[in-house]
Amino acid sequence: MTKKPFTTRLDPAILALAQKLAEVDRRSMTAVIEVALIEYAERRGLKPIKIEE
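Each residue of the sequence shown is one higher than the last, beginning at 1 in UniProt numbering.
Encoded structure:
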């Protein structure tokens, strides 16, 4: 899977929280944000979209 970069503006407190979670879980901040988005979608009954490369 090829990951595509994107720019976002986050509140510094949210960015710090993501960094702290990444350190605790020994993950990258990108992985923490991906998991958060997936879990958020699943709680709302949505599934990730399968994209063919």
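Where a beta carbon is used, it is the ideal one built from N, C-alpha and C, also for glycine.
Predicted model, so just to flag it, every value in this text is computed and none were measured.
Item checked: Proximity winner among 9, 11, 32, relative to residue 18 (alpha-carbon distances) -> 32
Check: Which residue's Cα is closest to the Cα of residue 10: 29, 3, 23?
Finding: It is 29.
Next item on the list: Give every residue of the same chain whose Cβ lies closer than 6 Å to the Cβ of residue 25, excluding the five residues on either side of it in the sequence, and list them in chain order.
Entry: none
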